[in-house]
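Residue numbers (the numbering used here): 124 to 399.
Here you go:
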């Protein structure tokens, strides 16, 4: 598990492209029959990929969590971006298809991930954060998710926001999670942009063709930077940073947030004239 320490925005102003990528970009999430995770000191989020091919994959709490088991003090959200899969939580089996989600409550001890078909393996993307209480484990398919169509063709940002792990869908401690799908011909996400001091966010970009790239924008509104991202890569966004992007073609991304506020619309909006 890679450990990522907190970043002061005054320091980030001086980062090179290589340093930005090293500190904020997760380039490879899916390793065969393994879990590949990053642990950020920003709100203590853990994010990454679990890729079972022909073996079950479990998660070890290890020294990083100093816990008896991975979810002893944590809750988790999972969205499958691959073939059909299964997640076993304390003896209960959940079949999770492509673009279906599972919220797993704190205190779940037995936890493993597997694919139904090794020729079409599941790819589980996870966000996991500290939890002060236990809430029931819930499967969320696309019918249960809240859908918010947004944007216009003229602004090149026509998209549908699917809110999977959201207060209007189920109870959690601090985790929110969902998926935004851009329509063909659209490339912008989260523009006009915003920050939110009360929580952080991670974006995971996927459903991209081999040559498609997203120029992910980050930094303070008056000190923006960019990271060029390819398919199935994730990027960390501290609370002081904007998080927006423009793609060479349409794409899909999963957003996950944790912090002290579960209100999805609690954003500090940035006027276009203030971007630099």
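Beta carbons: idealized from backbone N, C-alpha and C, even for Gly.
Less than 8 Å between the C-beta atoms of residue 280 and residue 302, yes or no?
Cβ atoms of residue 280 and residue 302: not closer than 8 Å.
Quick one: complete alpha helix (DSSP H) runs, 4+ long, within the stretch 132–163?
Counting whole runs of 4 or more residues, the stretch 132–163 contains the alpha helix (DSSP H) stretches 132–135, 140–147.
Run through DSSP, which three-state label would residue 177 get?
Reduced to three states, the DSSP call for residue 177 is coil.
Quick one: residues in its chain with C-beta nearer than 7 Å to the C-beta of residue 389, no 5 flanking neighbours on either side, listed in chain order?
Counting only residues of its own chain and dropping the five nearest sequence neighbours on each side, residue 389 has a CB closer than 7 Å to the CB of 319, 321.
Three-state secondary structure (DSSP) of residue 293:
It is coil, neither helix nor strand.
Residue closest to residue 308, alpha-carbon to alpha-carbon, out of 282, 136, 329, 300
For the residues 282, 136, 329, 300, the minimum Cα distance to residue 308 belongs to 282.
Using the three-state DSSP reduction, which class does residue 397 fall into: helix, strand or coil?
Three-state result, residue 397: helix.
From the DSSP output, in three-state form, read off residue 307 for me.
It is coil, neither helix nor strand.
Mark residue 199 as exposed unless 16 or more other C-beta atoms lie within 10 angstroms of its C-beta, in which case mark it buried.
Buried.
What separation, rounded to the nearest whole angstrom, lies between the Cα atoms of residue 211 and residue 353?
Cα to Cα, residue 211 sits roughly 31 Å from residue 353.
For the candidate residues 202, 335, 191, whose alpha-carbon lies nearest to that of residue 217?
The closest CA to that of residue 217, considering only 202, 335, 191, is found on 202.
Inter-residue spacing [alpha-carbon to alpha-carbon] between residue 213 and residue 260
In this structure, the CA atom of residue 213 is about 10 Å from the CA atom of residue 260.
Consult DSSP for residue 187 and reduce its assignment to one of helix, strand or coil.
Three-state result, residue 187: helix.
In the structure shown, what three-state DSSP assignment does residue 168 receive?
Coil, per DSSP.
From what residue to what residue does the beta strand (DSSP E) around residue 339 run?
Segment 337–343, the beta strand (DSSP E) holding residue 339.
What beta strand (DSSP E) runs, 3 residues minimum, are completely inside the stretch 226–293?
For the stretch 226–293, whole beta strand (DSSP E) runs of length 3 or above, ordered along the chain, are 234–238, 247–253, 261–263, 269–273, 282–288.
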